[in-house]
Amino acid sequence: MIHLKRLLPALLPAILLTSAVHAQSSEVIQKKGYKLTFTNQDATFPDTLKDKLIKTFFEVYPKLAKEYNRQTLKEVTFVIDTAYKGVAATSNGRVVFSSKYMRSHAGDIDVVTHEVMHIVQNYGRSVGPGWLTEGIADFVRYKFGVANPAAKWSLTPYKAGQSYKNSYRITARFLAWIEATKKKGLVKELDKQLRLHTYTAESWTQLTGSALDELWETYIKDPEFKIKG
(Lines of atoms letter the chains of each structure in order from A and count residues from 1; the text may use other names and numbers.)
(Lines give C-alpha, C1' and ligand atoms only; values in the text may rest on other atoms or scores of the structure.)
Protein backbone atom coordinates (compact mmCIF):
# COMPACT_ATOMS: atom_id res chain seq x y z
CA MET A 1 0.00 0.00 0.00
CA ILE A 2 1.29 3.49 -0.88
CA HIS A 3 1.63 5.70 2.16
CA LEU A 4 0.02 9.08 1.40
CA LYS A 5 2.27 11.02 3.80
CA ARG A 6 5.35 9.69 2.00
CA LEU A 7 3.89 10.38 -1.44
CA LEU A 8 2.70 13.94 -0.77
CA PRO A 9 6.13 15.64 -0.65
CA ALA A 10 6.97 14.13 -4.03
CA LEU A 11 3.65 15.19 -5.54
CA LEU A 12 3.66 18.73 -4.15
CA PRO A 13 5.97 20.32 -6.79
CA ALA A 14 3.87 18.79 -9.56
CA ILE A 15 0.66 20.03 -7.93
CA LEU A 16 2.07 23.55 -7.61
CA LEU A 17 3.31 23.50 -11.21
CA THR A 18 -0.09 22.35 -12.46
CA SER A 19 -1.79 25.12 -10.49
CA ALA A 20 0.58 27.71 -11.95
CA VAL A 21 -0.08 26.47 -15.48
CA HIS A 22 -3.84 26.61 -14.98
CA ALA A 23 -3.56 30.12 -13.50
CA GLN A 24 -1.84 31.45 -16.65
CA SER A 25 -3.61 31.83 -19.95
CA SER A 26 -2.50 33.09 -23.35
CA GLU A 27 -4.49 34.49 -26.23
CA VAL A 28 -3.26 35.54 -29.67
CA ILE A 29 -5.03 38.34 -31.51
CA GLN A 30 -4.16 39.39 -35.08
CA LYS A 31 -5.44 42.59 -36.61
CA LYS A 32 -4.28 45.40 -38.91
CA GLY A 33 -1.11 43.48 -39.78
CA TYR A 34 -0.03 43.13 -36.16
CA LYS A 35 -0.06 40.20 -33.75
CA LEU A 36 -0.57 40.60 -30.01
CA THR A 37 0.02 37.72 -27.62
CA PHE A 38 -1.79 38.42 -24.36
CA THR A 39 -0.49 36.33 -21.45
CA ASN A 40 -2.42 36.59 -18.21
CA GLN A 41 -0.99 35.29 -14.94
CA ASP A 42 -3.95 36.56 -12.93
CA ALA A 43 -6.92 34.19 -13.17
CA THR A 44 -9.26 36.83 -11.74
CA PHE A 45 -8.07 39.74 -13.90
CA PRO A 46 -11.24 41.45 -15.22
CA ASP A 47 -12.11 40.58 -18.82
CA THR A 48 -13.32 44.13 -19.38
CA LEU A 49 -9.89 45.49 -18.45
CA LYS A 50 -8.12 42.91 -20.59
CA ASP A 51 -10.31 43.90 -23.54
CA LYS A 52 -9.46 47.59 -23.02
CA LEU A 53 -5.73 46.85 -23.03
CA ILE A 54 -6.07 44.88 -26.25
CA LYS A 55 -8.29 47.49 -27.90
CA THR A 56 -5.89 50.29 -26.98
CA PHE A 57 -2.96 48.40 -28.47
CA PHE A 58 -4.66 47.95 -31.83
CA GLU A 59 -5.92 51.52 -31.83
CA VAL A 60 -2.62 53.16 -30.92
CA TYR A 61 0.28 50.98 -32.03
CA PRO A 62 -0.38 51.17 -35.80
CA LYS A 63 -0.61 54.98 -35.52
CA LEU A 64 2.72 55.18 -33.70
CA ALA A 65 4.33 52.88 -36.25
CA LYS A 66 3.08 55.07 -39.08
CA GLU A 67 4.15 58.30 -37.39
CA TYR A 68 7.54 57.31 -36.03
CA ASN A 69 8.91 53.95 -37.19
CA ARG A 70 7.36 51.82 -39.91
CA GLN A 71 10.00 49.14 -39.25
CA THR A 72 8.82 48.54 -35.69
CA LEU A 73 7.97 45.01 -34.53
CA LYS A 74 4.85 43.42 -35.95
CA GLU A 75 4.53 40.96 -33.05
CA VAL A 76 4.15 42.18 -29.46
CA THR A 77 3.50 40.41 -26.16
CA PHE A 78 1.55 41.74 -23.18
CA VAL A 79 1.98 40.01 -19.81
CA ILE A 80 -0.26 40.60 -16.81
CA ASP A 81 2.20 39.87 -14.00
CA THR A 82 1.03 39.19 -10.45
CA ALA A 83 4.56 39.52 -9.02
CA TYR A 84 5.77 42.70 -10.74
CA LYS A 85 5.94 45.60 -8.27
CA GLY A 86 6.16 48.55 -10.65
CA VAL A 87 3.57 49.91 -13.08
CA ALA A 88 4.79 48.52 -16.41
CA ALA A 89 8.05 47.78 -18.18
CA THR A 90 9.01 47.05 -21.78
CA SER A 91 11.86 45.07 -23.31
CA ASN A 92 12.30 43.31 -26.66
CA GLY A 93 8.68 43.66 -27.71
CA ARG A 94 7.37 42.39 -24.38
CA VAL A 95 5.34 44.66 -22.09
CA VAL A 96 4.85 43.57 -18.48
CA PHE A 97 1.94 45.15 -16.62
CA SER A 98 1.50 44.97 -12.87
CA SER A 99 -1.77 43.18 -12.22
CA LYS A 100 -2.10 45.01 -8.91
CA TYR A 101 -1.55 48.44 -10.46
CA MET A 102 -3.89 47.91 -13.39
CA ARG A 103 -6.64 46.61 -11.12
CA SER A 104 -6.41 49.66 -8.86
CA HIS A 105 -5.95 52.12 -11.76
CA ALA A 106 -8.24 50.60 -14.37
CA GLY A 107 -8.75 53.98 -16.04
CA ASP A 108 -5.02 54.44 -16.68
CA ILE A 109 -5.29 52.56 -19.95
CA ASP A 110 -2.77 54.78 -21.74
CA VAL A 111 0.00 53.05 -19.86
CA VAL A 112 -0.27 50.99 -23.04
CA THR A 113 0.42 54.04 -25.21
CA HIS A 114 3.54 54.99 -23.25
CA GLU A 115 4.92 51.45 -23.15
CA VAL A 116 4.36 50.48 -26.77
CA MET A 117 6.07 53.71 -27.81
CA HIS A 118 9.19 52.25 -26.22
CA ILE A 119 8.89 49.38 -28.70
CA VAL A 120 8.56 51.86 -31.56
CA GLN A 121 11.52 53.88 -30.26
CA ASN A 122 13.89 50.90 -30.44
CA TYR A 123 16.94 53.00 -29.55
CA GLY A 124 19.08 50.01 -28.62
CA ARG A 125 22.24 51.16 -26.86
CA SER A 126 21.01 54.73 -27.03
CA VAL A 127 23.36 57.65 -27.51
CA GLY A 128 20.70 59.88 -25.95
CA PRO A 129 19.77 60.58 -22.34
CA GLY A 130 17.17 58.49 -20.52
CA TRP A 131 15.16 61.57 -19.59
CA LEU A 132 14.59 62.29 -23.28
CA THR A 133 13.55 58.70 -24.04
CA GLU A 134 10.90 58.82 -21.30
CA GLY A 135 9.91 62.37 -22.15
CA ILE A 136 9.23 61.40 -25.75
CA ALA A 137 7.13 58.41 -24.62
CA ASP A 138 4.99 60.67 -22.43
CA PHE A 139 4.75 63.28 -25.20
CA VAL A 140 3.38 60.51 -27.41
CA ARG A 141 0.91 59.55 -24.69
CA TYR A 142 -0.17 63.21 -24.58
CA LYS A 143 -0.59 63.32 -28.36
CA PHE A 144 -2.06 59.87 -29.07
CA GLY A 145 -3.57 58.78 -25.76
CA VAL A 146 -7.14 57.49 -25.93
CA ALA A 147 -8.28 58.07 -22.34
CA ASN A 148 -5.97 60.53 -20.58
CA PRO A 149 -8.79 62.65 -19.09
CA ALA A 150 -10.48 59.58 -17.61
CA ALA A 151 -7.19 58.68 -15.92
CA LYS A 152 -6.78 62.29 -14.74
CA TRP A 153 -3.44 62.25 -16.54
CA SER A 154 -2.02 65.46 -17.96
CA LEU A 155 1.28 67.18 -18.63
CA THR A 156 2.84 68.54 -15.45
CA PRO A 157 2.49 72.35 -15.29
CA TYR A 158 5.74 74.27 -14.96
CA LYS A 159 6.83 75.38 -11.51
CA ALA A 160 10.09 76.77 -10.18
CA GLY A 161 12.76 74.20 -9.55
CA GLN A 162 11.90 71.90 -12.42
CA SER A 163 14.45 70.75 -14.99
CA TYR A 164 14.05 69.33 -18.46
CA LYS A 165 15.98 66.37 -17.06
CA ASN A 166 13.10 65.51 -14.70
CA SER A 167 11.81 63.19 -17.44
CA TYR A 168 8.29 61.87 -18.08
CA ARG A 169 5.50 64.49 -17.99
CA ILE A 170 7.77 67.42 -17.13
CA THR A 171 10.00 66.77 -20.12
CA ALA A 172 6.97 65.93 -22.26
CA ARG A 173 5.42 69.33 -21.54
CA PHE A 174 8.67 71.05 -22.48
CA LEU A 175 8.71 69.13 -25.76
CA ALA A 176 5.07 70.01 -26.41
CA TRP A 177 5.87 73.69 -25.77
CA ILE A 178 8.73 73.58 -28.29
CA GLU A 179 6.44 71.93 -30.85
CA ALA A 180 3.76 74.57 -30.26
CA THR A 181 5.98 77.65 -30.20
CA LYS A 182 9.30 76.90 -31.88
CA LYS A 183 9.56 73.79 -34.04
CA LYS A 184 6.65 71.61 -35.08
CA GLY A 185 7.85 68.06 -35.71
CA LEU A 186 10.78 68.31 -33.31
CA VAL A 187 9.91 65.12 -31.44
CA LYS A 188 9.70 63.09 -34.63
CA GLU A 189 13.15 64.32 -35.66
CA LEU A 190 14.69 63.67 -32.24
CA ASP A 191 13.15 60.20 -32.17
CA LYS A 192 14.63 59.42 -35.58
CA GLN A 193 18.08 60.64 -34.57
CA LEU A 194 18.00 58.63 -31.35
CA ARG A 195 17.10 55.48 -33.28
CA LEU A 196 19.84 56.09 -35.87
CA HIS A 197 22.32 57.00 -33.11
CA THR A 198 23.03 60.38 -34.71
CA TYR A 199 21.66 62.42 -31.79
CA THR A 200 24.08 64.82 -30.09
CA ALA A 201 23.75 67.83 -27.81
CA GLU A 202 23.95 69.93 -30.98
CA SER A 203 20.75 68.39 -32.34
CA TRP A 204 18.64 70.98 -30.50
CA THR A 205 20.48 73.88 -32.14
CA GLN A 206 20.37 72.23 -35.56
CA LEU A 207 16.61 71.62 -35.32
CA THR A 208 15.41 74.75 -33.50
CA GLY A 209 18.15 77.35 -33.84
CA SER A 210 18.66 77.42 -30.07
CA ALA A 211 20.68 75.31 -27.66
CA LEU A 212 18.82 73.09 -25.19
CA ASP A 213 19.57 75.28 -22.17
CA GLU A 214 18.52 78.38 -24.11
CA LEU A 215 15.22 76.74 -24.99
CA TRP A 216 14.63 75.88 -21.35
CA GLU A 217 15.37 79.43 -20.20
CA THR A 218 12.86 80.77 -22.73
CA TYR A 219 10.33 78.16 -21.64
CA ILE A 220 10.48 78.98 -17.93
CA LYS A 221 9.95 82.68 -18.66
CA ASP A 222 6.71 81.96 -20.53
CA PRO A 223 5.69 78.29 -20.31
CA GLU A 224 2.10 78.77 -21.47
CA PHE A 225 0.81 77.35 -24.74
CA LYS A 226 -2.40 75.82 -26.01
CA ILE A 227 -2.65 72.38 -24.44
CA LYS A 228 -4.24 69.65 -26.55
CA GLY A 229 -7.71 68.96 -25.15
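In mature numbering (1 follows the signal peptide of the UniProt record, and there is no 0), the protein residues as written are -23 to -1, 1 to 206. Backbone N, C-alpha and C fix where the C-beta goes; we use that ideal spot for every residue, glycine too. All figures in this text were calculated on a predicted structure; none of them were measured in a lab.
Taking T133 as reference, the option from F121, L152, A124 with the minimal CA-CA separation is L152. Look at the stretch 148 to 199 and you find these whole runs of alpha helix (DSSP H), each 4 residues long or longer: 163 to 173, 180 to 185, 189 to 198.
Only buried fits H91, as 16 or more other CB atoms lie within 10 angstroms of its CB.
Here the alpha carbons of K120 and E44 stand approximately 11 angstroms from one another. DSSP places S3 in the uninterrupted beta strand (DSSP E) bounded by 2 to 8. Here K12 carries a strand assignment [DSSP, helix/strand/coil]. If you draw a straight line from the Cα of K27 to the Cα of H174, it comes to about 36 angstroms. Contact between the stretch 88 to 106 and the stretch 164 to 180 is present: three or more C-beta pairs spanning the two stretches fall below 8 angstroms.
Here S68 carries a strand assignment [DSSP, helix/strand/coil].
For T90, the uninterrupted alpha helix (DSSP H) segment begins and ends at 88 to 98. Shown here for W181: same chain residues with a beta carbon closer than 8 angstroms to its own, the five before and five after excluded, namely S187, A188, L189, L192 in chain order. In summary, T21 is exposed, with fewer than 16 beta-carbon neighbours lying within 10 Å of its beta-carbon over all protein chains present.
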